[in-house]
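Enquirer:
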Amino acid sequence: MALGTASDKAKRQPIVNARFVEFLTKSWSYLFLLGLVVFFSLTGTGFFSVRNFSSILTTSTLIMLMSIGQTYVVITAGIDLSIGWTVGLSSVTTARVMRDLAAGGADVEYAMLAGVFAGLLVALIPGLVNGLLVARVKVPPFIATLGMFGIVRGAAFLLTDGQQVVRGLSAELREALRGIGNGSLLYHIPDYGLVWFRQPPDLEPTQIRQVSQLLPYPVLITALVVIVFAFILARSKFGRHTYVIGGSEEAARRSGINVDRHLIIIYVICGFTAGIAGVLHLFRFTAGAPQAGEAALLSSVAAVVIGGTNLFGGEGDIMGAVVGSLIIAVLQTGLVILNIDSIWQFIVVGVVIIIAVLVNQLQTALERLQSNV
Amino acid sequence: MSEAILTATGVSKHFGGLTAVDKVDFAVHPGEVVALLGDNGAGKSTLIKCISGVYRPESGRVIFNGVDITYQPPADIRSRGIETIYQDLALAENLDVGANVFLGKEVTRRLFGLLPVTDDSYMRQEASGVLDELDIHIPSLTQKLVNLSGGQRQAVAIARAMYWNAQLVIMDEPTAALGVPEQRKVLALIRSLREGNIPVILISHTMHDVMAVADRMVIMRRGRVVANIPRADATEEIIVRHIVGSAENGENAVMI
């Protein structure tokens, strides 16, 4: 006996080739990104330059970091609405710890290290609570994280005493933050050459305007986070179990996977990458701001969806989220360069999200057609 | 007949005032397909769950391979070789055949001698081996299960049970959601399990399936076993009569 005999094949053949559809639905976002870059390069002056690409990459880091953790959550058929404020909480916490330690006479390096540690640690708390609510108390992820959205928002503003930023960061501290947040491992300066670590102090004003950051630190840090979490998701047993839970929680439980523990870890990861985003935000803007990630939350979900991750769970990858984040960043920058009102970016991103979901549905529909012959 | 591999004696299970299973004796021998029949609420599913460990019976004993498994948790009973394949199959349809055969028991290898990664090619190869043994042909092992037919998915669930050395397979309505050609394939799979000397308990409402593969029919009614008929003596009429209860009362059988 053979399943999938000749008669089966004859019936299945006429419908569009499954592999081709899968290729198209998987790579359309890559092609779209490429198309956008080509389009803006041809139409916008100054778009096609190392300087601009490096700036686009730096801009994308906030959304990208948030979308990494979000991808894990969405693959388990969940969503985390709280991470926008987790970014802020982490930024504010880091700023306060640094400020207070530096004010107390601690070394700037020590104050920064302790601040980063505190900022990353505090971001795990909302993640942990979200995970416990979703896994143990069976609160729907949308509701649990919406509640956490409000709680974390309030907590972040309490830490700034209701202000828009944490006040009182010393000039020395801000300078040190800027060194990393706006620094680069490698610079290129025309008529000067390549310089490592630090922009040379003896540049002419015209030269300063032409400096290109080849390897900005925020981009390097984000790349490292991308690699680590992409690897875990794609190759490790933990990653595989994430997909199993997204495919069928019941199957995961019956096969002996500790689903509750797994979900808790995933929401903690989501808080963690938001925490990194918050710390980096502080380094880039040298101001601890509660609303640092507010606008980026929905963009991070958009990036995940544009990247082909299925909101119903079970499908998606980190590279998709990376591409999705880049598409949003390219649109933001490209439209500005074309002198188009930046409000248009919302409309364009909105349209792209809807296309992404339609493409995903097309794939599902074709799969159905093929399995229901 | 050889000695029974599974023996349930005097098993009872109550839910409040309702007696779902009432002092049932039930046995399965190596290489036999036993059909468990009965109307809705007759106690088939409850009896099966008492065997697979999902329910704890209030009285009676379940002996499997000489070991008392009555109060063991489901995971332990599974690891002893009793595999239950539910209607929903408990598969991850977003993953391929290899991943599903190794669900929750993924094999890893060391990348660069350091990082543990899932060994997908090994799992695919092993899955392909067990599918061959069952004489199941699946066009592409890298296909996600969602792209396979219902019968093929059923086959993957059976292959998984086989791979992990199932010694008794319990199947709950395995053909219920399938088209006719697919039903035939699943019945053939049940036969090949029997040929491999693996006994099967088959819960089914489909008389045709039961007549086609079962060696013995055990019929339950109101929590009790009311008939135990070898295939040779069974006709659809007799079976239906026992299911609806007219055999006991001496009334004429009502064919449904």
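Protein sequences appear in the order of chains V and F. Just so we're aligned: 318 in the working numbering is position 318 of the first sequence, and the numbers increase by one with no gaps anywhere. Just so we're aligned: 227 in the working numbering is position 227 of the second sequence, and the numbers increase by one with no gaps anywhere. Here a beta-carbon is modelled for each residue, glycine too, at the ideal position from N, C-alpha and C. If you're wondering where the values come from, they're calculated on a predicted model, not measured in any experiment.
With distances taken Cα to Cα, identify the nearest neighbour of V/R153 among V/S91, V/G78, V/F32, V/G69.
Expert: Answer by Cα proximity: V/S91.
Enquirer: Let's test the definition: count the other Cβ atoms within 10 Å of the Cβ of V/Y110 and tell me whether it reaches 16, buried, or not, exposed.
Expert: exposed
Enquirer: Can you tell me the Cα-Cα spacing of V/R178 and V/R284, whole angstroms?
Expert: Near 6 Å, if we compare the C-alpha coordinates of V/R284 and V/R178.
Enquirer: For V/P14 and chain F, any beta-carbon pair shorter than 8 Å?
Expert: Summary for V/P14: the model assigns pLDDT 44, below 50, so the residue's position carries little reliability, and this model does not support an answer.
Enquirer: Report all residues from its chain with a CB closer than 7 Å to the CB of F/D119; omit the five preceding and five following residues, and keep chain order.
Expert: Cβ neighbours of F/D119 beyond the five flanking positions: V107, T108, R109.
Enquirer: Between the C-alpha atoms of F/G10 and F/D25, what's the straight-line distance to the nearest angstrom?
Expert: 5 Å
Enquirer: Using 8 Å as the threshold, is the C-beta distance between V/G378 and V/Y243 below it?
Expert: Here chain V has residues from 1 to 373 only, and residue 378 of chain V is not among them.
Enquirer: Can you list, in chain order, the stretches of the alpha helix (DSSP H) that have 4 or more residues and sit fully within the stretch 236-291 of chain V?
Expert: 237-247, 249-254, 259-285
Enquirer: Within 8 Å of any Cβ in chain F, is that where the Cβ of V/R261 sits?
Expert: The beta-carbon of V/R261 is placed no less than 8 Å from the nearest beta-carbon of chain F.
Enquirer: Provide the residue span of the beta strand (DSSP E) that contains F/G196, from first to last.
Expert: Where F/G196 is concerned, there is no enclosing beta strand (DSSP E), given that its DSSP letter is neither H nor E.
Enquirer: Under three-state DSSP, which class holds F/Q87?
Expert: coil
Enquirer: If we call anything under 8 Å between Cβ atoms a contact, is F/V226 one with F/L193?
Expert: no
Enquirer: Which residue from V/S255, V/N130, V/I189 puts its Cα closest to that of F/A90?
Expert: V/S255
Enquirer: In the DSSP output, what is F/D96 paired with across the bridge?
Expert: F/K144
Enquirer: So for V/Q361, helix, strand or coil by DSSP?
Expert: helix
Enquirer: So, at 8 Å on beta carbons, what are the nonlocal neighbours of V/S342 in its own chain, with the 5 sequence-adjacent residues on each side left out?
Expert: Q332, L335, V336
Enquirer: Examine chain F for any beta-carbon lying closer than 8 Å to the beta-carbon of V/G314, and answer yes or no.
Expert: yes
Enquirer: What separation, rounded to the nearest whole angstrom, lies between the Cα atoms of V/P14 and F/V54?
Expert: The pLDDT assigned to V/P14 is 44, lower than 50, so where the model puts this residue is not dependable, and the model offers no usable value.
Enquirer: Look up F/E32 in the DSSP assignment and say whether it is helix, strand or coil.
Expert: coil
Enquirer: Would V/K26 pass as an interface residue toward chain F - the criterion being a Cβ-Cβ separation below 8 Å?
Expert: For V/K26, the answer is no, since every Cβ of chain F falls outside 8 Å of its Cβ.
Enquirer: If you measure between the beta carbons of F/H205 and F/E173, is that distance less than 8 Å?
Expert: yes
Enquirer: Could you list the residues in the stretch 223-248 of chain V with a C-beta less than 7 Å from some C-beta on chain F, going in chain order?
Expert: R235, S236, K237, R240, Y243, V244, G246, G247, S248
Enquirer: Per DSSP, F/T118 is paired with what?
Expert: F/T108
Enquirer: How far does the beta strand (DSSP E) with F/D172 in it extend, from its first residue to its last?
Expert: 168-172
Enquirer: Would you check if the distance between the CB atom of F/V213 and the CB atom of F/L187 is smaller than 8 Å?
Expert: yes
Enquirer: Check V/P383 in the structure and name its three-state DSSP category.
Expert: With chain V running from 1 to 373 in the structure shown, residue 383 of chain V is simply not present.
Enquirer: Which class does V/W196 belong to by DSSP, given the choice of helix, strand or coil?
Expert: strand
Enquirer: How would you write the range of the beta strand (DSSP E) that F/P230 sits in, first residue to last?
Expert: 224-230
Enquirer: Please report whether the beta-carbon of V/A380 lies at a distance below 8 Å from any beta-carbon of chain F.
Expert: One cannot answer for residue 380 of chain V here, as it falls past the ends of chain V, which runs 1 to 373.
Enquirer: Mind checking who F/A27 pairs with in its DSSP beta bridge?
Expert: DSSP, once it has assigned bridges, lists F/T7 as partnering F/A27.
Enquirer: Label V/A171 either buried or exposed according to how many other C-beta atoms from any shown protein chain fall within 10 Å of its C-beta, with 16 as the threshold for buried.
Expert: exposed
Enquirer: Give me the chain F residues within the contact set of V/R51, using Cβ-Cβ distance strictly less than 7 Å, ordered along the chain.
Expert: Those do not exist, as V/R51 stays about 36 Å from chain F at its closest Cβ, beyond 7 Å.
Enquirer: Since I believe F/G38 is in contact with F/R221 (beta carbons under 8 Å), could you give me their beta-carbon distance rounded to a whole number of angstroms?
Expert: Going by Cβ atoms, the distance from F/R221 to F/G38 rounds to 6 Å, so yes, they are a contact pair.
Enquirer: With a threshold of 8 Å between beta-carbons, can F/A35 be considered close to chain V, or not?
Expert: The beta-carbon of F/A35 is placed no less than 8 Å from the nearest beta-carbon of chain V.
Enquirer: In three-state terms, what does DSSP make of V/A2?
Expert: In this predicted model, V/A2 has a pLDDT of only 45, less than 50, meaning its place in the structure is not dependable enough to derive any value.
Enquirer: Using alpha carbons as the reference points, say which of V/I269, V/P190, V/L215 lies closest to V/E204.
Expert: V/P190
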